[in-house]
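> With our numbering, the residue at position 22 of the sequence shown is 22, and numbering never jumps.
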Amino acid sequence: MERTLIIVKPDAVQRGLIGEIIHRFERRGLRIIGMKFIQMSRELAEKHYGVHVGKPFYEGLVNYIISGPVVVMALEGTNAITAARNTMGATRCSDAAAGTIRGDFGLEIGRNLVHGSDSVENGVKEVSFFFSEDELVAWGRDVDGWIFE
Ligand code: IDP
Ligand code: MG
1 MERTLIIVKP DAVQRGLIGE IIHRFERRGL RIIGMKFIQM SRELAEKHYG
51 VHVGKPFYEG LVNYIISGPV VVMALEGTNA ITAARNTMGA TRCSDAAAGT
101 IRGDFGLEIG RNLVHGSDSV ENGVKEVSFF FSEDELVAWG RDVDGWIFE
């Protein structure tokens with residue numbers, strides 16, 4: 001089982017796309033183990049995006065992610081990292097395939113609606129930035145055997 005941190009970014013929240021975005025991950029078969037609606041602090045945003053410090057878009061990125069409330073979700077599943085990123089689509093929305101979240105709802109890289117962890121290691125790390133262990137729910141679904149082989 002892999003874990004990924006998904007963020008429904010401020011543009012998606014403002015545009016009323018929370019349900020649409022959660023629906024896509026839910027239908028994919030990923031199991032929700034944590035979810036909350038928060039206003040991210042600058043401190044948490046800088047920690048989350050620490051890998052991008054020094055890049056030209058860093059300041060804008062931090063300001064964007066704290067510009068309004070977000071939904072953060074911890075999802076679990078087999079191949080969760082790759083599956084979630086394929087459901088999101090390419091970072092640059094204009095290059096994202098139709099049928100993906102970014103390809104269906106976005107035009108620009110700096111308003112790309114959704115975050116998803118990019119590796120198994122970062123999935124574990126990012127989930128721990130946003131959720132304490134007691135905020136994560138260990139549970140099984142009756143359908144798990146039809147989704148996880
Ligand atoms: P990812 O979100 O697809 O993993 P990353 O390369 O990790 O993409 O970049 C993190 C976020 O930084 C992107 O989702 C996007 O919001 C923003 N970003 C990346 N590159 C640019 C850029 O060139 N201009 C503006 N924003 C960017
Ligand atoms: Mg990334």
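The beta-carbon is built from N, C-alpha and C at its ideal position, and this holds for glycine as well. Keep in mind it's a predicted model, so treat the numbers as computed, not measured.
May I ask you to report which of helix, strand or coil DSSP gives GLY68?
Start at 1 with the first residue of the sequence shown, and residue 68 comes out as number 68. Residue state, collapsed to three classes: coil.
> What is the DSSP secondary structure of VAL8, counted as helix, strand or coil?
Here residue 8 corresponds to residue number 8 of the sequence shown, with the count starting at 1. DSSP places VAL8 in strand when its eight states are reduced to three.
> Would you kindly work out how many angstroms separate the C-alpha atoms of GLU46 and LEU5, rounded to a whole number?
One-based indexing of the sequence shown puts residue 46 at position 46. One-based indexing of the sequence shown puts residue 5 at position 5. Computed Cα separation, rounded: 16 Å.
> Do you know how far the Cα of GLY19 is from the Cα of MET1?
In the sequence shown, counting from the first residue as 1, residue 1 sits at position 1. In the sequence shown, counting from the first residue as 1, residue 19 sits at position 19. So the two alpha carbons sit approximately 25 Å from each other.
> Report back the beta-carbon spacing between PRO10 and PHE37 to the nearest angstrom; my notes put them in contact at under 8 Å.
Within the sequence shown, numbered from 1, the residue matching residue 10 stands at position 10. Within the sequence shown, numbered from 1, the residue matching residue 37 stands at position 37. That belief does not hold up - the Cβ atoms of PRO10 and PHE37 are roughly 12 Å apart, past 8 Å.
> Just list the residues that DSSP pairs ARG31 with in beta bridges.
Walking along the sequence shown from the start, residue 31 turns up at place 31. In the DSSP output, where bridge partners are listed per residue, ARG31 has GLU76.
> Which parts of the segment 74-131 are runs of the alpha helix (DSSP H), unbroken and 4 residues or longer, counting only runs that do not cross its ends?
List check, alpha helix (DSSP H) in window: 80-88, 101-105, 120-130.
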